[in-house]
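Notes follow once the structure below has been shown.
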Amino acid sequence: MSPSSVSRIARLSDGARPFWVFLDDDGRVRPASGDPCTRLDPVGPPRTTDGLTWLPPCIPTKIVGVGRNYRAHAAELGNEVPAEPLLFFKPPSALIAHDAAIVLPAASARVDHEGEIGVVIGRRLKDAGEAEALAGVLGYTCVNDVTARDLQKKDVQFTRAKGFDTFCPVGPCVALGLAPADLTVETWVNGARRQSAPASGMIFGIATLLSYISRVMTLEPGDLIATGTPEGVAPLRPGDQVTVVVAGVGRLVNRVVAAP
């Protein structure tokens, strides 16, 4: 794919089919054909998003999370800083898109937001060095690693706490060509900023994380890496609106509802 004239791609649905688009700076979209990990070309004139539904902007075989990757976040939860990246999985069934609802499960009394920088893989990575790993990145996105904090403490393992349906909002798009060192992440709840940190504040940087993960498991095109959350995590309540902002990507906005 040649991103020379565009920098952001997304997936939308018109109710009958999903399709890729390029996002223009004025908020309009241009339908595209192809695969973003190989080649994507515009196939129609720009249009608004009226009547369209946002979809997750990647189709991962796996979602790899990184725990305790900011010192202040580890400290706020009373945890030690890990000597190596602390990895866990979120299931693809947890994915939701921009403008969809986070559902608070009845099994948990405390569900927290965790705004993060997401990395979408563009080519297969296996035992990759850091330079090769960065070259294999398709782009960057916004992620909310929603977590049932009480269940995380109870289970020790992270699977249930981070694996509920709707616990991985991602989007609204994937931004191409950004420098990872320049990225920042912020989380806002009902208009109040809760989290803010630059990627340079990570204990393990993005290149290090991708190289490390690729020595454990093969990363496939479309896979999503959630790189860790900074300090400031806090509970979500029904009726909240949570927004994750990654500079150069956009704003991932989701409302919060109670389980039926």
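Residues 2 to 261 in my numbering are what the sequence shown lists, from first letter to last.
A virtual CB, placed ideally from N, CA and C, is assigned to each residue, including glycine.
Check: Under a Cβ-count criterion, where at least 16 other Cβ atoms within 10 Å of its own Cβ denotes burial, should threonine 39 be classed as buried or exposed?
Finding: exposed
Item checked: Identity of the residues DSSP links to tyrosine 163 by a beta bridge -> Checking the sequence, you will find lysine at residue 163 rather than tyrosine. Its beta-bridge partners do not exist; DSSP assigns none.
Next item on the list: Assign glutamate 187 to one of three DSSP states: helix, strand, or coil.
Entry: strand
Check: Does the stretch 153–163 come within contact of the stretch 51–58, defined as at least 3 CB pairs closer than 8 Å?
Finding: no
Check: proline 93 by DSSP, collapsed to three states: which one?
Finding: helix
Note to self: Beta-carbon within less than 6 Å of arginine 195's beta-carbon, same chain only, minus the 5 sequence neighbours each way: which residues are those?
What the structure shows: Thr188, Gly233 and Ala235
Item checked: Per-residue burial, serine 6 [other beta carbons within 10 Å of its own, 16 or more giving buried] -> With a pLDDT of 40 at serine 6, under the threshold of 50, the predicted position of this residue should be treated as unreliable, though the coordinate-derived value follows. So serine 6 ends up on the exposed side.
Note to self: Do proline 239 and leucine 126 have their beta-carbon atoms positioned less than 9 Å apart in this structure?
What the structure shows: no
Margin query: Rounded to whole angstroms, what is the Cα-Cα separation between serine 215 and glycine 119?
Written below: 16 Å
Note to self: Short of 6 Å in beta carbon distance, which residues of its chain neighbour leucine 220, apart from the five on each side in sequence? Order them along the chain.
What the structure shows: Ile122 and Leu126
Check: With 16 as the cutoff for other CB atoms within 10 Å, does serine 212 come out buried or exposed?
Finding: buried
Item checked: Identity of the residue in Thr160, Pro32 and Tyr141 nearest arginine 150 by Cα -> Thr160
Next item on the list: Would you mind working out which of Val67, Phe20, Val254 and Asn191 sits nearest glycine 45, comparing C-alpha positions?
Entry: Phe20
Check: Looking at C-alpha atoms only, which residue of Gly223, Pro231, Ser14 and Met203 is the closest neighbour of histidine 99?
Finding: Ser14
Next item on the list: Please state whether DSSP places serine 8 in a helix, a strand or coil.
Entry: coil
Item checked: Distance CB(histidine 114)-CB(valine 82) smaller than 9 Å -> no
Note to self: Assuming the contact rule is C-beta atoms closer than 8 Å, histidine 74 and threonine 230 should be a hit. Round their C-beta distance to whole Å, please.
What the structure shows: 6 Å
Next item on the list: Count the other CB atoms, across all protein chains shown, that sit within 10 Å of the CB of serine 94; report buried if there are 16 or more and exposed otherwise.
Entry: exposed
Checklist line | C-beta contact flag for isoleucine 60 and cysteine 174 at 9 Å | finding: no
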